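*Asks:* Residue 70 in our numbering sits at position 70 of the sequence shown, with consecutive numbering throughout.
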Amino acid sequence: MAMGGEREQIKGNEKATSIKCEALQRLTGRSLQGLPLEGFDYESILEQCCEMPVGYVHISVGIAGPLLLNGCEYLELMATTEGCLVASANRGCKAIFASRGSTSVLLRNGMIGAPVVRFASLKRATELKFFLDDPLNFDTLTVVFNK
1 MAMGGEREQI KGNEKATSIK CEALQRLTGR SLQGLPLEGF DYESILEQCC
51 EMPVGYVHIS VGIAGPLLLN GCEYLELMAT TEGCLVASAN RGCKAIFASR
101 GSTSVLLRNG MIGAPVVRFA SLKRATELKF FLDDPLNFDT LTVVFNK
């Protein structure tokens with residue numbers, strides 16, 4: 001939903017969320033009645049978690065684990081409305097734990113929107129990462145993905 005110059009002026013507070021919610025209802029002809037607006041700290045998500053919020057929902061949180069990762073045990077908090085998701089993750093944690101844990105490497109910390117690629121192995125994914133470290137290669141692939 002494009003809101004022109006107002007996008008920069010309407011920040012993440014409750015009043016702004018109410019205005020955006022009303023605009024969305026008028027634009028779509030659909031009611032958002034029942035979607036909570038009040039009682040949420042919209043400033044806490046501004047420019048980092050959700051663009052153009054129009055409300056929030058309460059989601060149940062389950063716990064899975066322990067996950068043995070890089071020699072440390074972690075309990076995973078998972079917010080979901082999907083049945084069996086936490087149980088499934090818990091089975092995965094148990095399998096990883098039983099096989100003496102897993103190792104991970106953080107190459108960069110950030111958020112991306114797209115593209116997503118899949119490889120058969122960590123080795124192939126790492127090769128692409130190093131390939132993309134060269135700005136010329138990155139620019140070439142950017143042209144392909146943005147077609």
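Note that beta-carbon positions come from the ideal geometry of N, C-alpha and C, so glycine has one too. None of these values were measured; they are calculated from a predicted model.
So, is residue 65 buried or exposed, given that buried needs 16 or more other C-beta atoms within 10 angstroms?
*Replies:* With 16 or more other Cβ atoms within 10 Å, it is buried.
*Asks:* Per DSSP, what are the beta-bridge partners of residue 74 in this structure?
*Replies:* In DSSP, residue 74 forms a bridge with 67.
*Asks:* How should residue 17 be labelled, buried or exposed, when 16 other C-beta atoms within 10 angstroms of its C-beta is the threshold for buried?
*Replies:* So residue 17 counts as buried.
*Asks:* I believe residue 24 touches residue 54 by the beta-carbon criterion, under 8 Å. Please report the beta-carbon distance rounded to the nearest angstrom.
*Replies:* Rounded, the Cβ-Cβ distance is 6 Å, consistent with contact.
*Asks:* For the candidate residues 127, 58, 134, whose alpha-carbon lies nearest to that of residue 150?
*Replies:* Beyond the ends of the chain as shown, which are 1 and 147, falls residue 150; an answer cannot be given.
*Asks:* So, helix, strand or coil for residue 92, using DSSP?
*Replies:* Residue 92 falls in the helix class under three-state DSSP.
*Asks:* Quick one: is residue 67 buried, meaning 16 or more other Cβ sit within 10 Å of its Cβ, or exposed?
*Replies:* It counts as buried.
*Asks:* Do three or more CB pairs link the segment 71–78 to the segment 88–103 at distances below 8 Å?
*Replies:* Counting Cβ pairs under 8 Å, three or more are found: they touch.
*Asks:* Pull up the distance between the alpha-carbon of residue 137 and that of residue 125, whole angstroms please.
*Replies:* About 15 Å.
*Asks:* Would you tell me roughly how many angstroms separate the C-alpha atoms of residue 115 and residue 70, rounded to the nearest one?
*Replies:* Approximately 28 Å between the Cα atoms of the pair.
*Asks:* What does DSSP give as the partner residue(s) for residue 98 in the beta ladder?
*Replies:* For residue 98, which the question treats as bridged, DSSP gives no partner whatsoever.
*Asks:* What does DSSP give as the partner residue(s) for residue 61 in the beta ladder?
*Replies:* Paired residues: 79.
*Asks:* According to the Cβ coordinates, are residue 37 and residue 14 closer than 8 Å?
*Replies:* Going by C-beta atoms, residue 37 is nearer than 8 Å to residue 14.
*Asks:* Tell me whether residue 137 sits in a helix, a strand or coil according to DSSP, three-state version.
*Replies:* Reduced to three states, the DSSP call for residue 137 is helix.
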